[in-house]
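Novice: Protein chains in written order, with the working numbering: chain F, 228 to 517; chain Z, 26 to 307.
Glycine is no exception: its CB is placed at the ideal position from the N, C-alpha and C atoms.
Starting off with a structure, shown below.
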């Protein structure tokens, strides 16, 4: 008897190796496409530096020589350059994760290939995972390079504080982040032409994460909402580890534990929301319509 | 027998105006079909304003910004919105028509090309004016105070600045016809450069001296400087790039000359594309 006959797979079901191969084919395809647009890659490094430069320059103009002192009193660190650069670099990772997933879905819709993806034996989750891996790699490397260049331009030491803990916070923050991108995906499936909403969400994310300020300066209600958003914990964790601004629960492991809770909760919620919308769309107009 | 080629009649002024108005109406109709976009852009302004206000407050003692700081940030932001719209929208629309496959048809119709280009920004100017007013009110309530002096003079200056940026908009549309998809990346890059060198969210004094010299080579930077300085009633140190009269001359000259230069560049790129047959290519 052959191995095929003993297989427990249903006819037409892809093997794990085939599924993995589909994921990596997606990553390769996306990397190949983006490599054709060198300007986009350059912009990706430029974006966090420019974003951080604006509040830095505004602060220097407002507070003059006392900028560091005043910033220390308001935030817990005198290193406002590092604070802003970490904020903007993390923001780019978060914002790109949302955009890449949403754009991928929208692009497949517009080119008429989304319905075909649903019909192939490779589950769509593996194709989406490919986009997720590509997004993580591209944004993390871009943000890191931007942080290094920004630090060099603005004259600060990029490697300070507890780098290992900072790295742990970034790593732990990525999983809930991609869980949350499914909400974005669901939004695109439902609304189709969701560019304005996505633009708005990008700024909401910026606000909630406290990219340019500690969330303690926000009204109490807004602070609670911000704390329900995993990237807020990620940003604050990295800043606390590197600049000592202070963890929400005083110790790094408590904050990290919260992020680990999100590691479970955010993907589950995201999958639930995405499936609900997806089912409703498939029952009604179908996923191919845009 | 010699064949006589009929010369197409030139459009009258009334026809140009009618084309212009029809296109503005079309754009406004499209805009009104997306109420979510409408609400989202208002909300977006509110959030951007909040972000920069809170960021600014981390550098202030007592949680209040000075009148000059408010003026610099609020009026800089308003100028950024106006200039961004007029600079890029014409090019984006030309690109959009290319991708949709309607640009070639548009060029085969006897409609005025100039009116078609201008109409693409007009509806946005109405929209941006509304957003600017809203953002000024929001920021005023958040920052506590906002200087408003010489409003009439500032509006006249704004008209010249916008006229000049229309010219750059034409030039950018010309570039779009040449470089196609790469235009998107160029826009993003130029927008970032403008954000910094145009000092939209901070005073020019925050820039290093060498950067201020580069700013002095950009006419829109003078636009930002003179517009906000006028509305703030020229406090000490403002305008920052040059004396008031010099900045006014630069802005007026920019507003008068640039539209002609930009439109000339656009016609050349368009002529080139038609000769090569690449108008509809994207």
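Just to confirm, is the Cβ distance from residue 304 of chain F to residue 471 of chain F under 8 angstroms?
Specialist: The answer is yes: Cβ separation under 8 angstroms.
Novice: Give a yes or no on whether the minimum CB-CB distance between residue 227 of chain Z and chain F is below 8 angstroms.
Specialist: Cβ-Cβ to chain F under 8 angstroms: yes for residue 227 of chain Z.
Novice: Residue 240 of chain F: buried (16+ other C-beta within 10 angstroms of its C-beta) or exposed?
Specialist: When all chains shown are included, residue 240 of chain F counts as exposed.
Novice: What would DSSP say about residue 419 of chain F, mapped onto helix, strand or coil?
Specialist: In this structure, residue 419 of chain F counts as coil in the three-state DSSP scheme.
Novice: Please identify the residue among F:372, F:333 and F:501 whose C-alpha is closest to the C-alpha of residue 270 of chain F.
Specialist: Answer by Cα proximity: F:372.
Novice: Around the C-beta of residue 430 of chain F, are 16 or more other C-beta atoms found within 10 angstroms, so that it is buried, or is it exposed?
Specialist: Under this definition residue 430 of chain F is a buried residue.
Novice: Relative to the alpha-carbon of residue 176 of chain Z, which residue among Z:264, Z:100 and Z:80 has its alpha-carbon at the smallest distance?
Specialist: It is Z:100 whose Cα lies nearest to the Cα of residue 176 of chain Z.
Novice: On a CA-only basis, which of F:296, F:321, F:264 and F:243 is nearest residue 434 of chain F? Give me that one, please.
Specialist: Of the candidates F:296, F:321, F:264 and F:243, the one whose C-alpha sits nearest the C-alpha of residue 434 of chain F is F:321.
Novice: In its own chain, which residues sit with a C-beta less than 7 angstroms from the C-beta of residue 229 of chain F, not counting the 5 before and 5 after it?
Specialist: For residue 229 of chain F, the predicted model reports a pLDDT of 47, less than 50, meaning its position is unreliable; a value from the coordinates is still stated below. Within the same chain, residue 229 of chain F has no close Cβ partners at all.
Novice: Would DSSP call residue 277 of chain F helix, strand or coil?
Specialist: Here residue 277 of chain F sits in helix by DSSP.
Novice: Cα separation between residue 258 of chain Z and residue 97 of chain Z?
Specialist: Taking the straight line from one Cα to the other gives about 12 angstroms.
Novice: Can you have a look at residue 507 of chain F and say buried or exposed, based on whether 16 or more other CB atoms are within 10 angstroms of its CB?
Specialist: That one is exposed.
Novice: Apart from the five residues just before and just after residue 316 of chain Z, which ones in its own chain have a Cβ nearer than 8 angstroms to its Cβ?
Specialist: The displayed coordinates of chain Z run from 26 to 307. Any statement about residue 316 of chain Z would go beyond what the structure contains.
Novice: With a cut-off of 8 angstroms, does the C-beta of residue 264 of chain F fall near any C-beta of chain Z?
Specialist: Yes - at least one Cβ of chain Z is within 8 angstroms of the one on residue 264 of chain F.
Novice: For the alpha helix (DSSP H) holding residue 445 of chain F, just list the boundary residues, first then last.
Specialist: No alpha helix (DSSP H) contains residue 445 of chain F, which DSSP labels as neither H nor E.
Novice: Tell whether a beta-carbon distance below 8 angstroms holds between residue 111 of chain Z and residue 180 of chain Z.
Specialist: The answer is no: Cβ separation not under 8 angstroms.
Novice: Below 9 angstroms on C-beta distance, what does residue 267 of chain F contact in chain Z?
Specialist: 209, 210 and 213, listed in chain order.
Novice: Between residue 120 of chain Z and residue 39 of chain Z, which are expected to be in contact by the criterion C-beta below 8 angstroms, what is the C-beta distance as a whole number of angstroms?
Specialist: About 30 angstroms; that fails the 8 angstroms criterion.
Novice: Which same chain residues, not among the five before or five after residue 393 of chain F, have their C-beta less than 6 angstroms away from its C-beta?
Specialist: The answer, listed in chain order, is 465, 468 and 469.
Novice: Counting only Cβ pairs nearer than 7 angstroms, list the residues of chain Z close to residue 483 of chain F.
Specialist: None at all; the shortest Cβ gap to chain Z is about 26 angstroms.
Novice: Can the beta-carbon of residue 76 of chain Z be found closer than 8 angstroms to that of residue 439 of chain F?
Specialist: A contact, by the Cβ cut-off of 8 angstroms.
Novice: With three or more C-beta pairs closer than 8 angstroms as the rule, is the region 275 to 290 of chain F touching the region 221 to 241 of chain Z?
Specialist: Counting Cβ pairs under 8 angstroms, three or more are found: they touch.
Novice: Pick from F:491, F:364, F:384 and F:426: whose alpha carbon is nearest that of residue 258 of chain F?
Specialist: The option with the nearest alpha carbon to residue 258 of chain F is F:364.
Novice: Along the chain, where does the alpha helix (DSSP H) containing residue 187 of chain Z start, and where does it finish?
Specialist: Per DSSP, residue 187 of chain Z belongs to the alpha helix (DSSP H) from 176 to 204.
Novice: Count the other CB atoms, across all protein chains shown, that sit within 10 Å of the CB of residue 312 of chain F; report buried if there are 16 or more and exposed otherwise.
Specialist: Buried, since its Cβ has 16 or more Cβ neighbours within 10 Å.
Novice: Any beta carbon of chain F sitting closer than 8 angstroms to that of residue 232 of chain Z?
Specialist: It does; some Cβ of chain F falls within 8 angstroms.
Novice: Should residue 461 of chain F and residue 406 of chain F be called a contact, given that it needs their Cβ atoms to be closer than 8 angstroms?
Specialist: Cβ distance not < 8 angstroms, so residue 461 of chain F and residue 406 of chain F don't count as in contact.
Novice: Using the rule of at least 16 other Cβ atoms within 10 Å of the residue's Cβ for burial, across every protein chain shown, is residue 458 of chain F buried or exposed?
Specialist: Classification for residue 458 of chain F: buried.
Novice: Nearest-angstrom Cα distance between residue 398 of chain F and residue 43 of chain Z?
Specialist: One C-alpha to the other measures close to 59 angstroms.
Novice: What residues in the region 282 to 310 of chain F bring their beta carbon closer than 7 angstroms to a beta carbon of chain Z?
Specialist: Within the region 282 to 310 of chain F, the residues whose Cβ lies closer than 7 angstroms to some Cβ of chain Z are 282, 284, 285, 286, 287, 288, 289, 290, 294, 297, 298, 301 and 302, listed in chain order.
Novice: Does the beta-carbon of residue 265 of chain Z have 16 or more other beta-carbons within 10 angstroms, so that it is buried, or is it exposed?
Specialist: That one is buried.
Novice: Would you mind giving the Cβ-Cβ distance between residue 254 of chain F and residue 361 of chain F, rounded to the nearest angstrom? I have them listed as a contact below 8 angstroms.
Specialist: Between residue 361 of chain F and residue 254 of chain F the Cβ distance is about 5 angstroms, and since that is below 8 angstroms, they are a contact.
Novice: Between which two residues does the alpha helix (DSSP H) containing residue 243 of chain Z stretch?
Specialist: Neither: residue 243 of chain Z is in no alpha helix (DSSP H) and is coded neither H nor E.
Novice: Using only alpha-carbon positions, find the residue among F:446, F:442, F:447 and F:499 that is nearest to residue 474 of chain F.
Specialist: Among F:446, F:442, F:447 and F:499, the Cα nearest to that of residue 474 of chain F is on F:442.
Novice: Given this structure, state the Cα-to-Cα distance separating residue 317 of chain F from residue 79 of chain Z, to the nearest angstrom.
Specialist: Each residue's Cα considered, the two are about 18 angstroms apart.
Novice: What are the residues in the region 422 to 440 of chain F lying within 7 angstroms of chain Z by C-beta distance?
Specialist: Flagged, chain order: 423, 424, 426, 427, 430, 431, 433, 434, 439 and 440.
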